[in-house]
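For what it's worth, full-length UniProt numbering labels the leading residue of the sequence shown as 1, then goes sequentially.
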Amino acid sequence: YYQAFAAFAGCNLVLAICAAVLCAYIAPAAAGSGIPEIFGSVFGVAAGFVVGKEGPMVHTGACIASLLGQGGSRKYHLTWKWLRYFKNDRDRRDLITCGAAAGVAAAFRAPVGGCGLFGEGGLIMFDINSSIPDYNMVDLLAVMLLGVVGGILGSLYNYLVDKVLRTYSIVNERGPVFRVFLVVIISLLTSCCAYGVPWFAKCIPCPTGLEVDCPTAGRSGNYKNFQCPPDHYNDLASLLLNTNDDAIRSLFSSLNANEFRIPTLLVFFTAMYILGIITYGIAIPSGLFIPVILAGASYGRFIGKLLVSISNLDVGLFALLGAASFLGGTMRMTVSLCVILLELTNNLLMLPLMMLVLLISKSVADNFNKGVYDQIVRMKGLPFLEAHAEPYMRHLVAGDVVSGPLITFSGVEKVGNIVHSLRLTTHNGFPVIDEPPFLEAPELCGIVLRSHLIVLLKGKMFTKHKCLTGTEMLQRFHAFDFAKAGLGKGPKMEDLDIKPEEMDLYVDLHPITNTSPYTVVETMSLAKAAVAFRELGLRHLCVVPKTPGRPPVVGILTRHDFMPQHILALYPGLDPHKKN
1 YYQAFAAFAG
11 CNLVLAICAA
21 VLCAYIAPAA
31 AGSGIPEIFG
41 SVFGVAAGFV
51 VGKEGPMVHT
61 GACIASLLGQ
71 GGSRKYHLTW
81 KWLRYFKNDR
91 DRRDLITCGA
101 AAGVAAAFRA
111 PVGGCGLFGE
121 GGLIMFDINS
131 SIPDYNMVDL
141 LAVMLLGVVG
151 GILGSLYNYL
161 VDKVLRTYSI
171 VNERGPVFRV
181 FLVVIISLLT
191 SCCAYGVPWF
201 AKCIPCPTGL
211 EVDCPTAGRS
221 GNYKNFQCPP
231 DHYNDLASLL
241 LNTNDDAIRS
251 LFSSLNANEF
261 RIPTLLVFFT
271 AMYILGIITY
281 GIAIPSGLFI
291 PVILAGASYG
301 RFIGKLLVSI
311 SNLDVGLFAL
321 LGAASFLGGT
331 MRMTVSLCVI
341 LLELTNNLLM
351 LPLMMLVLLI
361 SKSVADNFNK
371 GVYDQIVRMK
381 GLPFLEAHAE
391 PYMRHLVAGD
401 VVSGPLITFS
411 GVEKVGNIVH
421 SLRLTTHNGF
431 PVIDEPPFLE
441 APELCGIVLR
451 SHLIVLLKGK
461 MFTKHKCLTG
471 TEMLQRFHAF
481 DFAKAGLGKG
491 PKMEDLDIKP
501 EEMDLYVDLH
511 PITNTSPYTV
521 VETMSLAKAA
531 VAFRELGLRH
541 LCVVPKTPGR
551 PPVVGILTRH
561 DFMPQHILAL
571 YPGLDPHKKN
C-alpha cells in the first residue's frame, strides 16, 4: 500500500512541478506565447489535480488566433499575405473570440455551445439515456429543489473561490519559488485525498450481467478493486482513482442505479467541492468546468438516490440536472451551458428540465453574488464593461466624467510637441484639430493613434514650414506599415532617433488621422454613452461641446472612464453601497 501510494503521489508531484515551473518561471499569470501553457495544461491535468482542461484549451485556441491575427510568424516562415487584413483591433478581437470558441468546441465536442459561450459571455459524448424522459409534478418539484440547492451551493463556491484567490495572490507575490511550493502542497493534499479516502470505503459485490469486467485492473473504467476481495469493487475508488471522463460517465450513467452508495456520493461531492476551490488559482493552467460538473453530478445523483422512491427520473438524469444546477449557480450563463450539456449528453429531450434547473439556479445565486468569472475579472482589475449601464449613470452626462488635461494636436504639428506629449503621457489616442490657415475656425479633424504617430516620426517625413504632404506620404508609406503589430513587436519611443534640430520641424498628421471618429455631445446621458461604447467596440469616444464658440472637443472617453471605480471616485454620493 505504501509503495503504491508513493508511486502515485510521486508521479503526480513530478507532473505538478513541471506544470508549476512552466507557469511560475516561463509564463506567469498566463502571459507569453501560450506554448508553456499548452504543455503546462497537459502536466496539470495529468497530475491528478481537480481541474478541467477547457481553460487551457480556450487559451490555446485564443493563442493560435492571436498568432494568425499578427500575420503569422516570420521567425518560422509561417506568414500569409491574406492574414494582414486581420492586423487591426476589431478584426483581431473577433478572430481571438473565434479561437476561444474553437477551444471550447475542442474540449467538449460542442461547437454550438462554444459559439454560445462566447456569444453570451475533450470530453466524450455522455449518452446517458436514449429513452424519452417521463416526469410528473413531483419530478418538477424535485428539479426545482435541485435548482435552488445548486444556486446556493454555486454562490457559496464563488464566495470561497474569491477568498482563496485573494489569499493565493499574497503568496504568489512573494516569488516563483512560493508558487511552486504552493503547487507541491496542493498536489500532495490531492494525492492523499484521492488515495487515502477510498481506504475507508466498504467493498461492494460486483453486479451480475455486466458487459464490462468487474473489477477492472490495469486500465481506466468503473469498478476499481482497490483493497477488495475478488468479485468486489470499491465505489469511492472508482470515482477518485479514475479519469475525469470516466468519473463523469459513471455519474451520468443510468444502467446501474446502485453502483454508488449514498455515503460515497456525499464524500465524493465534499472532496470535489473543497479540492476544486483550493486548486483553482495555483500556478498551473486549469479550468472550472470539470470540477463543477463532477461536484454537481455527484450531488445530483445523491439527491436522486434520496428521492428514488417518489420520482420517475432515474439517478443518471438527476446527476445531469445536478451538474447543470451547479454550473448555473457558479457560471451564471444559461443559454450556452444548456447547449453545451445537451451536446455532451446527446439528449435533446432533456431541454425543458435543463432550462428549468438552469433558470432557477441562476436566479437564486444572483441574489448572493456575481458569477465566478465576473468575480475573477473584478479581482484582477480588468476594465470589463457590463452589458447594461449602472443605474447611477442615468444621473450623469458624458461631460461629467471627462477627466485629466486634454492633449490635442494640430493637423500639421511640430515634431517637438508630438515627442514631448508621447513621452509625458500614456494616452493611445489624441484628437487632431484643424486650425488656421487651413480652416477659418478650429474644427475637429479626427483621432490619431500613438502607434501611428511613432511610425510617422520614425519615417521622418518632416518639413520646415506648415504644409500638407499627404500625397508624398502615401508614396513613402504602405498601408500595412500602420497595421497593428504583434504583442511587444510594435514601434516604441525608444526606437526613435529624433535629432535636436528636427524638433522644430513640422509633420502632416492628416494621412494617418481617423477622420470619422465616433462622437457624442457632452450632454448625452452617460448610460447611453456606455452602451454605445460597448456595443460598437470602441477604444476612444470623443465628447464634443453642445454650444458653439468653444473648443471643438471637450475630451475623450475611454474604457477607464466608464469603470465604477472612476465614476464613484468623482461622485462618491452616487455609491449605492455607501451608508448615509
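Even for Gly, the Cβ is constructed at its ideal location relative to N, Cα and C.
{"Item": "Ordered along the chain, which non-local residues of its own chain (more than five positions away) have a Cβ less than 6 Å from that of histidine 577?", "Value": "none"}
{"Item": "Take the Cβ of serine 516 as the centre, count every other Cβ of all protein chains shown within 10 Å, and call the residue buried at 16 or more, exposed below.", "Value": "exposed"}
{"Item": "Tell me the rounded alpha-carbon separation between asparagine 244 and isoleucine 512.", "Value": "54 Å"}
{"Item": "Identify whether valine 507 lies in helix, strand or coil by the three-state DSSP scheme.", "Value": "strand"}
{"Item": "Is the distance from the Cβ of serine 254 to the Cβ of valine 180 below 8 Å?", "Value": "no"}
{"Item": "Run through the region 223–283 for me and flag every whole beta strand (DSSP E) of 3 or more residues, listed as ranges in chain order.", "Value": "232–234"}
{"Item": "In chain order, what residues of the same chain lie with their CB nearer than 7 Å to the CB of valine 21, ignoring the 5 residues before and after it?", "Value": "Val180"}
{"Item": "Ends of the beta strand (DSSP E) at phenylalanine 302?", "Value": "Taken as a continuous stretch (DSSP letters only), phenylalanine 302 belongs to no beta strand (DSSP E), being part of the alpha helix (DSSP H) at 289–306."}
{"Item": "Please state whether DSSP places glycine 555 in a helix, a strand or coil.", "Value": "strand"}
{"Item": "Here's a check: name, in chain order, each residue in its chain whose Cβ is nearer than 6 Å to the Cβ of threonine 264, leaving out the five neighbours to either side.", "Value": "Asp235, Leu236"}
{"Item": "Taking the straight line between their C-alpha atoms, what separation do you get for valine 292 and leucine 541?", "Value": "40 Å"}
{"Item": "Report buried or exposed for arginine 450, applying the criterion of at least 16 other Cβ atoms within 10 angstroms of its Cβ.", "Value": "buried"}
{"Item": "Would DSSP call asparagine 428 helix, strand or coil?", "Value": "coil"}
{"Item": "Taking proline 176 as part of the alpha helix (DSSP H), name the residues at either end of that continuous run.", "Value": "176–196"}
{"Item": "Let me know the secondary structure DSSP gives aspartate 213 once reduced to three states.", "Value": "coil"}
{"Item": "Does the region 522–534 touch the region 428–445, meaning 3 or more C-beta pairs lie closer than 8 Å?", "Value": "no"}
{"Item": "Work out the CA separation of alanine 365 and residue 624 for me, nearest whole Å.", "Value": "This structure cannot speak to residue 624, because the chain is shown only from 1 to 580."}
{"Item": "What does the alpha-carbon distance come out to for the pair methionine 473 and isoleucine 407?", "Value": "24 Å"}
{"Item": "Compare the Cα-Cα distances from cysteine 445 to each of Met461, Ile418, Ser410, Thr425 and report the closest residue.", "Value": "Ser410"}
{"Item": "Helix, strand or coil for glycine 381 per DSSP?", "Value": "coil"}
{"Item": "Run the CB neighbour count on glycine 287, radius 10 Å, all protein chains shown included, and call it buried at 16 or more, exposed below.", "Value": "buried"}
{"Item": "Write down every uninterrupted run of the alpha helix (DSSP H) in the region 391–430 whose length is 4 residues or greater and which is fully enclosed by it, in chain order.", "Value": "415–424"}
{"Item": "With a threshold of 7 Å on Cβ separation, who are the neighbours of glycine 281 within its own chain once the five nearest residues in sequence on each side are excluded?", "Value": "Val164, Leu165, Tyr168"}
{"Item": "What separation, rounded to the nearest whole angstrom, lies between the Cα atoms of histidine 510 and glutamate 413?", "Value": "10 Å"}
{"Item": "Considering only the beta carbon of each residue, do arginine 539 and threonine 558 sit closer than 8 Å?", "Value": "yes"}
{"Item": "Would a C-beta distance cut-off of 8 Å place glycine 150 and phenylalanine 326 closer than the cut-off?", "Value": "yes"}
{"Item": "Do alanine 283 and alanine 62 have their beta-carbon atoms positioned less than 8 Å apart in this structure?", "Value": "no"}
{"Item": "Please state the DSSP three-state secondary structure of cysteine 203.", "Value": "strand"}
{"Item": "Have a look at Ile556, Val308, Phe318 and flag the residue whose alpha-carbon is nearest the alpha-carbon of glycine 296.", "Value": "Phe318"}
{"Item": "Could you tell me the alpha carbon to alpha carbon distance between glycine 429 and cysteine 338, rounded to whole angstroms?", "Value": "41 Å"}
{"Item": "Got a sec? Which residues, its chain only, sit under 6 Å from glycine 119 by beta carbon, not counting five neighbours each side?", "Value": "Residue placement at glycine 119 is flagged as unreliable, the pLDDT there being 47, under the threshold of 50; the coordinate-derived value follows with that caveat. Excluding residues within five positions, none has a Cβ falling inside 6 Å."}
{"Item": "Alpha helix (DSSP H) containing glutamate 535: first to last residue?", "Value": "526–535"}
{"Item": "May I ask you to verify whether the region 391–402 touches the region 171–191, counting CB pairs closer than 8 Å and requiring at least 3?", "Value": "no"}
{"Item": "Checking 8 Å against the spacing of the C-beta atoms, do phenylalanine 462 and glutamate 502 come in under that value?", "Value": "yes"}
{"Item": "Given that a residue counts as buried once 16 or more other Cβ atoms are within 10 Å of its Cβ, and exposed if not, what is valine 138?", "Value": "exposed"}
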